[in-house]
Each structure stands twice: as C-alpha cells, then as structure tokens.
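The numbering used here numbers the first residue of the sequence shown as 65 and each following residue consecutively.
Glycine included, C-beta positions come from ideal geometry on N, C-alpha and C.
Step one of this worksheet: look at the structure below.
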Amino acid sequence: MADEDGSPNWWHTLPGVLTGVAAVISALAALAAAVHQGGWLDGRAATAEDTAPATAAGHRTPGGPPDAGGSLEQPSQPDQAVPAARAVALPVQREYRLDTVAFTLLAATLSPRNPEQDTLRLRLRMHNRDRFPQPFWDRDFRLLVDSLPSPPAEPLGELVEGEAAKDGELLFLLPRDTAAAVLRIHRGQDSAEIPLDFTQRAG
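Given below as structure tokens:
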C-alpha cells in the first residue's frame, strides 16, 4: 500500500529490511566459524588433545608411547623359591636313661632361617620313672657344633609328673650348611651325647 502522495509505506518495507540484516549476520557467523575451524581453533584443539592425560586404554600419554592397557602398574615379579624344611635322619640309639628319667629323640627337622643360619628343631620325650615330679627344661640341653656348645634359642619349661611322660621341643640356631652336630644332655651327675648327621635325610 502507498501513501496518498504515491510513495510506499515504510511500515510495509521494515520486515524486508530486517530479513536482509539477519541474512548478513548469518553469513558473517558462518564465515567466522569456518575460519576458526580451519585455523586457530583447530590448532588449539589439537594442542589440548596432545597435552591432556590419557583417561582410557589406548590414549597417548605425554612424553611416552601409547598405553595399550591403560594401567601404570609394573609387572609382578615371580616369587623367590624358599627352601623347605627337611627331616633329618635319626641315630640308631634314640633313648638315653639319665638318673631317674629317660629321654627319647622323636624327630629332627632342619630349615633355613636366614642366609647365615639354619634352624634345628628337636622333638624329645621325657619319661619320669620317679614317683615325684621332675622338671623338663632347656637348661639340661646344649648343641655342640665343632665342639662349641650353644643353648637352645627358645625356652623350654615343663613339669613331668611322677611315673609319667611328656613331649617337648628344643630349637637351636646353627651356621648354614652345618654337616653334623651333637646334642648333649645333662641330668644330675649323668650325661649323654646324641650325634646328628645333617647330610642324611629321613627315609
């Protein structure tokens, strides 16, 4: 519609002007997006990806090759084999009578303790033939290695009733790879020595 003087009404041309301005703005925005994606923005994105830490398996970590498993744990080392304890062959004579009691060697076991020492465990039975209680303790025992006596490494203190028997264990420390030793037993005025050969295993 035109005004009375024949010129077009500006109210009717305003939508056309707005549409043209919107088209120009859209074109500029599209141009800016293309520039950013093709140049500066693409460079920033690549830099961020290169410096970001890996969060999943297969992502590249800075300064190193791709982490195939996504784990930083080191491979476990196989356990070192520890030599097992072994039974030692017992002498033919294993029972020794001293005063009113008798001692019987029941078992002998040798096992590694550390690079310099072995542990010897001796299991004995004390038979009290008296009517009164008798002590079964570590003070009556010594282990001789190269004629040098050593006391038990752990205490033993038992009381054996009259006309009864009880088992006890003695623990000694000796140098690694000792070939032989002697168990000495003292009881009152009596004594006995039990030879031990560590080169022979129990059958």
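>> For A166 and R185, what's the separation of their Cα atoms in angstroms?
In response: 19 Å
>> Can you check which of these residues, R265, L260, A93, T164, is closest to L207 by C-alpha distance?
In response: L260
> Should T263 go down as buried or exposed, given a rule of 16 or more other Cβ atoms within 10 Å for buried?
Replying inline: exposed
> What does a CB cutoff of less than 6 Å around H191 pick up in its chain, not counting 5 residues either side in sequence?
Replying inline: A166, A229
> Could you check where the beta strand (DSSP E) with F200 kicks off and where it finishes?
Replying inline: 198-201
>> Between R203 and the ligand MN, is there a pair consisting of the residue's CB and a ligand heavy atom that are separated by less than 7 Å?
In response: Among the components modelled here there is no ligand, and therefore nothing to report on the ligand MN.
>> In this structure, how does DSSP classify V175 when only helix, strand and coil are distinguished?
In response: The question names Val, but residue 175 in the sequence shown is Ser. It is a strand residue.
> Where does S90 fall in DSSP's three states?
Replying inline: helix
> Mapping DSSP to helix, strand and coil, what is D194?
Replying inline: coil
>> Rounding to the nearest angstrom, what Cα-Cα distance links L247 and A149 in this structure?
In response: 20 Å
> Ends of the beta strand (DSSP E) at E222?
Replying inline: 221-224
> To which residues of the same chain is E225 closer than 8 Å at the C-beta, ignoring the five residues directly before and after it?
Replying inline: N192, P197
> What's the C-alpha gap between S214 and I258?
Replying inline: 15 Å
>> Can you look up D261 in the DSSP assignment and give me helix, strand or coil?
In response: strand
>> What does DSSP give as the partner residue(s) for A148 in the beta ladder?
In response: Answer by DSSP bridge pairing: none, since A148 is not bridged.
> From what residue to what residue does the beta strand (DSSP E) around V266 run?
Replying inline: Note on residue identity: the sequence assigns Ala, not Val, to residue 266. First-last for A266: undefined, no H or E at that position.
>> Going by the DSSP bridge assignment, what does P213 pair with across the sheet?
In response: L208
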